[in-house]
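Undergrad:
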Amino acid sequence: MSEKLKQFEQKLDQKLTAAEMYANRPRKWWLYLIIVLILTLLVTWSGSSIQFDGLTVTGSQVAKGVISGVTHPDLKLMFGTGDTDVPFLLLQTMAIAVLGTLIGAILAIPFAFLASSNIMPAPIAYLFRIIILLIRTIPSLVWALMWIRVTGPGASCGVITQSVCSIGMIAKMYITAIEDLDTRILESLDAMGCTPFQKIRYGVIPQLTASFISTTIYRFDINLKDATTLGIVGAGGIGASLVQCLNSRRWAMVGSFVWGLMFLVLVIEFLSTRIRKKLARGE
Amino acid sequence: MDKENTSLVKLTWFDKIFKPQVITLANGHSTLRRRSRTPLIVALLAIAIFLSLKATRFDFTVIISRFNELLKLFTQLFHPKWSFFDKVTGPLVDTIKMSILGTVIGCALALPVAVLSSTNINKSHVIVSVFRFILALIRTLPTLVIALVCALVFGLGTFAGTLAISIFTFGIVAKMLYESIETIDMGPFEAMEAMGANKFQAFWAACVPQILPVYLSHSLYCFEMNIRASAILGYVGAGGLGITINERIGWRDYNGLGMVLLTLFVVVVAIEFFSEYLRKKLS
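Taken in sequence, the protein lines are chains R and X. For the first sequence, position 33 (counting from the first letter as 1) is numbered 1365 according to my numbering, and the numbering increases by one without interruption. For the second sequence, position 133 (counting from the first letter as 1) is numbered 450 according to my numbering, and the numbering increases by one without interruption.
#1: Consult DSSP for I1451 (chain R) and reduce its assignment to one of helix, strand or coil.
#2: So which residues of chain R does R383 (chain X) contact, with C-beta pairs closer than 7 angstroms?
#3: Would the stretch 555 to 567 of chain X and the stretch 1445 to 1464 of chain R be scored as touching if the rule is three or more Cβ pairs under 8 angstroms?
#4: For a test of the three-state rule: what should DSSP assign to I438 (chain X), helix, strand or coil?
#5: Cβ closer than 8 angstroms: which chain R residues qualify as neighbours of Y552 (chain X)?
#6: Report buried or exposed for P1471 (chain R), applying the criterion of at least 16 other Cβ atoms within 10 angstroms of its Cβ.
#7: Mapping DSSP to helix, strand and coil, what is L394 (chain X)?
#8: I want to see whether chain R comes within less than 8 angstroms of I334 (chain X), judged by CB atoms only; does it?
#9: Name, please, each residue of chain R whose Cβ falls closer than 9 angstroms to the Cβ of G488 (chain X).
#10: Compare the C-beta of P397 (chain X) against all C-beta atoms of chain R and say whether one is closer than 8 angstroms.
#11: Report yes if the C-beta distance between I1502 (chain R) and T1548 (chain R) is below 8 angstroms; otherwise report no.
#12: Mapping the DSSP letters down to three states, classify I340 (chain X) as helix, strand or coil.
#13: Buried or exposed for T341 (chain X), please, with buried defined as at least 16 other CB atoms from any protein chain shown within 10 angstroms of its CB.
#14: For K1504 (chain R) and chain X, any beta-carbon pair shorter than 8 angstroms?
#15: Just to confirm my understanding: we take G1535 (chain R), look at its own chain, exclude 5 residues before and 5 after, and list those with CB closer than 7 angstroms. What are they?
#16: Looking at the structure shown, is S1334 (chain R) part of a helix, part of a strand, or coil, going by DSSP?
#17: My assumption, with CB atoms under 8 angstroms, is that L409 (chain X) sits in contact with V585 (chain X). Please give the rounded CB distance.
#18: Under 8 angstroms by Cβ, that's how I've got G1563 (chain R) and S1495 (chain R) pegged, so tell me the actual separation to the nearest angstrom.
#19: In whole angstroms, what separates the C-alpha of G573 (chain X) from that of I1467 (chain R)?
#20: Taking T486 (chain X) as part of the alpha helix (DSSP H), name the residues at either end of that continuous run.
#21: Between the C-alpha atoms of I498 (chain X) and G551 (chain X), what's the straight-line distance to the nearest angstrom?
#22: What first and last residue would you give for the beta strand (DSSP E) that runs through L349 (chain X)?
#23: Using a Cβ-Cβ cut-off of 6 angstroms (strictly less than) and excluding sequence neighbours within five positions of I1480 (chain R), which residues of its own chain qualify?
#24: Are the stretch 540 to 554 of chain X and the stretch 413 to 421 of chain X touching, with three or more C-beta to C-beta distances below 8 angstroms?
#25: What did DSSP end up calling L1459 (chain R) once you bin it into helix, strand or coil?
#26: Find the residues of chain X that neighbour Q1424 (chain R), judging by a C-beta separation of less than 8 angstroms, and give them in chain order.
#27: Following the continuous alpha helix (DSSP H) through H535 (chain X), name the residue where it begins and the one where it ends.
#28: Show which residues of chain X have a CB atom less than 8 angstroms away from the CB atom of L1578 (chain R).
#29: T392 (chain X): which of X:G575, X:G488 and X:F591 sits nearest, CA to CA?
#30: Any C-beta of chain X sitting closer than 8 angstroms to the C-beta of V1375 (chain R)?
#31: Count the other CB atoms within 10 Å of the CB of V1474 (chain R); is the residue buried (16 or more) or exposed (fewer)?
#32: Tell me whether E1335 (chain R) is buried or exposed, calling it buried when 16 or more other Cβ atoms sit within 10 Å of its Cβ.
#33: Whose C-beta lies closer than 6 angstroms to the C-beta of A1620 (chain R) among residues of the same chain, with five residues either side of it excluded?
#34: Expressed to the nearest angstrom, what Euclidean distance is found between the alpha-carbon atoms of I528 (chain X) and K398 (chain X)?
#35: Does any C-beta atom of chain R lie closer than 8 angstroms to the C-beta of M318 (chain X)?
#36: Between the Cα of S1573 (chain R) and the Cα atoms of R:K1360, R:A1487, R:T1390 and R:P1442, which residue gives the shortest distance?
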């Protein structure tokens, strides 16, 4: 045995005191230095073109208005039952998200299977991946502005926009689930002499449902938040009224819309987290 | 021996209405099999879809009959006007700068708040719940609405966009971070306290090295999202690419829009690729 190896072994065997161990602690200061340097460079570069002109003339007024609106919401609007009151608009927002998510989840299934590399040959899988990426990159607002040419303004524009937008993310998460499929189950079903239909029914679907449902619920959460902004371009839901009130400076109405929005999103987030936790535990 | 080991099956309110099926096994033991929840879920979904269809007045026939409108639009989108590229670069760089600065500010603010709102480090239950509630409220506000308010208060331009992105980033990164902080190993922290380190020293040496990679990875992930989100902030006047997109759609110059979207696509894909690589290195 060479002398060097022995020395090395001795070094490994020796008991270090706490102080010595502390002195030998792993140091990555150069890595941190590089990160900090890059960050400072980026910040100075990007900070250069962002000019702060102070408040606008009406800026402080707007800020005060928003605060007074949030603290004194329009209660009649908040609990009314008409077509322009908060409860109906919230319901409509939720309806857009429900339909958009469901249609999107169904549309995403063929996309996901076509883009999974363990089912499809590589070129087709890559082609569909690029399509999915394209769908994801176009901002939802742009989708809405394009679909508005087809459906005209209104909630149905929101529905079709969300259906298409959801495909991107849902398909991406479906693909991971499909690629994680345990193929040994399919092989054993094969060995038992199952037909392709039986293989899908007992081998594929039970493995996928939990994660598919979980993904869909997660996307519903996102779609609900998205549906609130789609209204800005006229695609229905609460967003349109909120932005109109903001622009016409009716603060009390703004306040009631904001409270309604917060309530809805918080409740849905709470429920969806609970359901997804249950699904993850396999109940 | 008790032949009825029913206690193994947890019963919920659902099982009290639909009594579980009793199965007697070959050895004389009997067990319960819960009734399937699927019919209930399907029924609820059907009601939700019916109500949503009524609330949104969604009509598939309109979409199918007028689908060629979208196809016309798409043919224009896929023939981008290359000469428009020069006018895209300026706003694009603005968008990237906005997202960088916004992400850095938001993430910097998120770190202390996340530490304060994780239950394993902050033992005060009240402070934790207060911080979490504030974070949840911030997350419910759509980015576009924040941007609109910022634009009204601080004037149109990149500053409003940067501020909106910072607030949005702060809400999301703080949430993701406190969830990760709660999963870290507190053993080293206790060991250091036992050796006589004070709380801050112990936190700095035992927790920070565990948190830091996760924090950087969350920040990068959020940066990816922000690039996409900030592309549309201009729609409400908060600077960046959104102004160009809005303009192109307003003028029905879909070839120009195609160019904008193509550039955005390339940039988003490049940044996503780079950040995914970095995140893989971090984990």
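Heads up, the beta-carbon is just placed ideally off N, CA and C, and yes, glycines get one too.
TA: Based on what the coordinates show:
#1: As a working note, residue 1451 (chain R) is residue 119 in the first sequence. Residue state, collapsed to three classes: coil.
#2: Within the second sequence, the letter at position 66 stands for residue 383 (chain X). Per Cβ cutoff of 7 angstroms: V1482.
#3: no
#4: For the purposes of this step, residue 438 (chain X) is taken as residue 121 along the second sequence, with counting starting at 1. Correct three-state label for I438 (chain X): coil.
#5: Locating residue 552 (chain X) in the second sequence gives position 235, where the first residue counts as 1. Simply L1473, I1564 and V1565.
#6: The residue you call residue 1471 (chain R) lines up with position 139 of the first sequence. Classification of P1471 (chain R): buried, given that the 10 Å Cβ count is 16 or more.
#7: In the second sequence, the residue the question calls residue 394 (chain X) occupies position 77. It is helical.
#8: For the purposes of this step, residue 334 (chain X) is identified with residue 17 of the second sequence, where counting begins at 1. No - not a single Cβ of chain R is within 8 angstroms of the one on I334 (chain X).
#9: By one-based count along the second sequence, residue 488 (chain X) stands at place 171. By Cβ distance, chain R contributes nothing, its closest Cβ being about 11 angstroms from G488 (chain X), past 9 angstroms.
#10: For the purposes of this step, residue 397 (chain X) is taken as the residue at position 80 of the second sequence. So no, P397 (chain X) is outside the interface.
#11: Position 170 of the first sequence, counting from 1, holds the residue named residue 1502 (chain R). Position 216 of the first sequence, counting from 1, holds the residue named residue 1548 (chain R). Yes, the pair counts as a contact, with Cβ atoms nearer than the cut-off.
#12: The residue given as residue 340 (chain X) occupies position 23 in the second sequence. Strand at I340 (chain X).
#13: By one-based count along the second sequence, residue 341 (chain X) stands at place 24. Exposed, since its Cβ has fewer than 16 Cβ neighbours within 10 Å.
#14: As a first step, residue 1504 (chain R) must be located in the first sequence, where it is residue number 172. With 8 angstroms as the cut-off, K1504 (chain R) does not count as an interface residue toward chain X.
#15: Here residue 1535 (chain R) corresponds to residue number 203 of the first sequence, with the count starting at 1. Hits under 7 angstroms: I1517, L1518 and L1521.
#16: Mapped onto the first sequence, residue 1334 (chain R) falls at position 2. Coil.
#17: Here the question's residue 409 (chain X) lines up with position 92 in the second sequence. Here the question's residue 585 (chain X) lines up with position 268 in the second sequence. In fact, because the Cβ distance is near 11 angstroms, the residues do not count as touching under 8 angstroms.
#18: Taking the first sequence and counting its residues from 1, the one referred to as residue 1563 (chain R) is at position 231. Taking the first sequence and counting its residues from 1, the one referred to as residue 1495 (chain R) is at position 163. About 17 angstroms separates the two Cβ atoms, so there is no contact after all.
#19: Here residue 573 (chain X) refers to the residue found at position 256 when the second sequence is read from its first residue. Here residue 1467 (chain R) refers to the residue found at position 135 when the first sequence is read from its first residue. Cα to Cα, G573 (chain X) sits roughly 18 angstroms from I1467 (chain R).
#20: Here residue 486 (chain X) corresponds to residue number 169 of the second sequence, with the count starting at 1. Here the alpha helix (DSSP H) through T486 (chain X) covers T475 to I498.
#21: Taking the first residue of the second sequence as position 1, residue 498 (chain X) is located at position 181. Taking the first residue of the second sequence as position 1, residue 551 (chain X) is located at position 234. The alpha-carbon atoms of I498 (chain X) and G551 (chain X) are separated by roughly 35 angstroms.
#22: Working through the second sequence from its first residue, we reach residue 349 (chain X) at position 32. Its beta strand (DSSP E) spans residues S347 to R350.
#23: Your numbering for residue 1480 (chain R) matches position 148 in the first sequence. Taken in chain order, the residues that qualify are C1489.
#24: yes
#25: The residue given as residue 1459 (chain R) occupies position 127 in the first sequence. In the structure shown, L1459 (chain R) sits in a helix (DSSP, three-state: H, G or I).
#26: Reading the first sequence from its first residue, position 92 is the one you call residue 1424 (chain R). Chain X residues near Q1424 (chain R): A372 and T373.
#27: By one-based count along the second sequence, residue 535 (chain X) stands at place 218. Here the alpha helix (DSSP H) through H535 (chain X) covers V525 to L550.
#28: The residue labelled residue 1578 (chain R) in the question sits at position 246 within the first sequence. Per Cβ cutoff of 8 angstroms: V462, L465, V466 and L469.
#29: Within the second sequence, numbered from 1, the residue matching residue 392 (chain X) stands at position 75. Answer by Cα proximity: X:G575.
#30: Counting from one through the first sequence, the residue named residue 1375 (chain R) turns up at place 43. Judged by the 8 angstroms Cβ criterion, V1375 (chain R) is in contact with chain X.
#31: The residue you call residue 1474 (chain R) lines up with position 142 of the first sequence. Buried.
#32: On the first sequence, residue 1335 (chain R) is found 3 positions in, with the first residue counted as 1. The residue in question, E1335 (chain R), is exposed, as its Cβ has fewer than 16 Cβ neighbours within 10 Å.
#33: With chain R covering 1333 to 1615 only, the question about residue 1620 (chain R) has no answer from this structure.
#34: As a first step, residue 528 (chain X) must be located in the second sequence, where it is residue number 211. As a first step, residue 398 (chain X) must be located in the second sequence, where it is residue number 81. So the alpha carbons of these two residues sit roughly 47 angstroms apart.
#35: Start at 1 with the first residue of the second sequence, and residue 318 (chain X) comes out as number 1. Confidence is the limiting factor: at M318 (chain X) the pLDDT is only 43, short of 50, which leaves the residue's position unreliable, though a coordinate-based value still follows. Not an interface residue.
#36: For this step, residue 1573 (chain R) is matched to residue 241 along the first sequence. Checked all of R:K1360, R:A1487, R:T1390 and R:P1442; the closest Cα to S1573 (chain R) is R:A1487.
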